[in-house]
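For reference, the structure is listed below as structure tokens.
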Amino acid sequence: MLSGAALAVVPTFSVLATAAADGSGTHSGHNGEPAAPLDGQGGRQAEPRGMAVDHAGHAGFAGGPVPADRAGIDPTAILRDFDKGKTRLLPDGRTLREWDIVAVDKEFEIAPGVMFPGWSYNGRIPGPTLWAREGDALRINFTNAGAHPHTMHFHGIHRASMDGTPGIGAGSIEPGQRFTYEFDATPFGTHLYHCHQSPLAPHIAKGLYGGFIIEPKAGRPKADDEMVMVMNGYNTDGGDDNEFYSVNGLPFHFMDHPVQVKQNALVRIHLINVLEYDPINSFHVHGNFFHYYPTGTMLTPSEYTDTISQVQGQRGVVEIRFPYPGKYMFHAHKTEFAELGWMGFFEVSPE
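First residue of the sequence shown? That's 540 in this note's numbering, and the numbers climb one at a time after it.
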């Protein structure tokens, strides 16, 4: 029998979900009985499992996060997986980079017993992180193998016909159809791509997004470790808010699988916010400060801080060195987001 004190620190999922009713927790509109999915836009949630305050007093899933191989998402692998495409030299001496991207409908187990019917690029959430160098010619062969019309919209500078917007150029790519997006890599910076099909919020929130990194032509100062972190959420009940939050697609993953870094190494993080249904997201690191470069389009940082905020589609470069070994938490500085999955650790090993 659990004591009253023990019960107070081991909330079930339904307790967390109903907290908003008394103003103490998550979004209004959440309740212990998830609504039926709306027109296939939401998720299919199994019987809610317990959640526990774990990991030094922070909430987590009882039993830990879903293993990556079972979930169908591996946030640790995504960290350093920069896809540079197939390359060849053009007659003008430039590099052509080419990728094959396929929109696929796929179920992911994002939390114990919670199945999310995702719409994905190349079968993963987030989609591949595409890497190019400033001035490269880019070619993205997009095939829609899903059940709904989709597009690929890239943040950057390009012709309107390549914008991946319904009604412009190729517009919506229908199921079974394909289109090739072609444009040059500019400007340098940390960018993203996502579906721009209406209704826009679910087409993004169901998983159709990814990082798009353009390295400056002359390069950046060399980092010892470089990675991408995509902040996202999951709307599992078809409503207008999120029930889970994560970095690189799997709630609480980096609590049990800390990001491994070296003491005093320069760590460069491409931080991207694609969270839908919430107006803002944030990134905070414990026991340290970092330099921040908004959008990554400048080589001089704008601030030295331990917390930054980003609205939807906003992104930037975080550069950090850890002077001391140990485990340092990072998380959204919105308690609700953290306790519903958006938290993890850096584990710093001695030099």
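Yeah, the Cβ is synthetic: ideal placement off N, Cα and C, and Gly gets one too.
Contact between Leu-789 and Ala-610 holds, with the beta-carbon distance rounding to 5 Å and staying under 8 Å. In the displayed model, Asp-608 falls within a helix according to three-state DSSP. Annotated three-state conformation of Thr-668 is strand, per DSSP. Apart from sequence neighbours up to five positions away, the residues of its chain that approach Thr-704 with a beta-carbon distance below 8 Å are Thr-690, His-692, Gly-710 and His-735, ordered along the chain. Assigned with DSSP and collapsed to three states, Pro-864 falls in coil, not helix or strand. By the criterion of at least three beta-carbon pairs nearer than 8 Å, the segment 677–687 is not in contact with the segment 808–817. Here the alpha carbon of Phe-718 sits roughly 24 Å from the alpha carbon of Gly-852. Here Phe-876 carries a helix assignment [DSSP, helix/strand/coil]. For Asp-764, the three-state secondary structure derived from DSSP is strand. Going by beta carbons, Gly-835 and Val-813 fall outside the 8 Å limit.
In this structure, the straight-line span from the alpha carbon of Phe-861 to that of Arg-672 is close to 28 Å.
The Cβ neighbour count for Tyr-843, taken over all protein chains shown within 10 Å, is under 16; the residue is labelled exposed. Comparing alpha carbon positions, the residue from Trp-881, Met-766, Lys-866 and Lys-801 closest to Phe-822 is Trp-881.
Setting aside the 5 residues that flank it on each side, His-792 is surrounded in the same chain by Pro-604 and Pro-614, each with a C-beta closer than 6 Å to its C-beta; the list follows chain order. Within the segment 802–847, the beta strand (DSSP E) runs of at least 3 residues that lie entirely inside it are, in chain order, 806–812, 820–824, 829–833 and 842–844. The Cβ atoms of Met-768 and Asn-781 do not sit closer than 8 Å to each other. Residue pairing by DSSP places Glu-646 opposite Pro-656 in a beta bridge.
Apart from the 5 residues on each side of it in sequence, Pro-688 sits with its Cβ closer than 6 Å to the Cβ of Ser-711, Glu-713 and Gln-736 in its chain, given in chain order. DSSP, reduced to helix, strand and coil, places Leu-789 outside both helices and strands of the structure shown, so it counts as coil. One Cα belongs to Leu-879, the other to Lys-625, and the distance between them is close to 38 Å. Counting only residues of its own chain and dropping the five nearest sequence neighbours on each side, His-733 has a CB closer than 7 Å to the CB of His-692, Ile-743, Leu-747, Tyr-748 and Val-813. Under the three-state reduction of DSSP output, Met-794 falls in the helix class. Per DSSP, the unbroken beta strand (DSSP E) holding Thr-729 starts and ends at 728–733. Exclusion of the five residues before and after Ile-819 leaves Ser-848 and Val-850 as the residues of its chain whose Cβ lies within less than 6 Å of its Cβ. Here the alpha carbon of Pro-864 sits roughly 52 Å from the alpha carbon of Gly-708. His-872 sits close to Thr-846, with the two beta carbons spaced by under 8 Å. In the structure shown, Ser-888 falls within a strand segment according to DSSP collapsed to helix, strand and coil. In the displayed model, Leu-677 falls within a strand according to three-state DSSP.
Where Thr-626 is concerned, the enclosing beta strand (DSSP E) starts and stops at 625–628. Residue range 854–859 is occupied by the beta strand (DSSP E) that includes Ile-859, with no alpha helix (DSSP H) assigned at that position. Ile-707 sits in coil when the DSSP states are folded into three classes, being neither helix nor strand.
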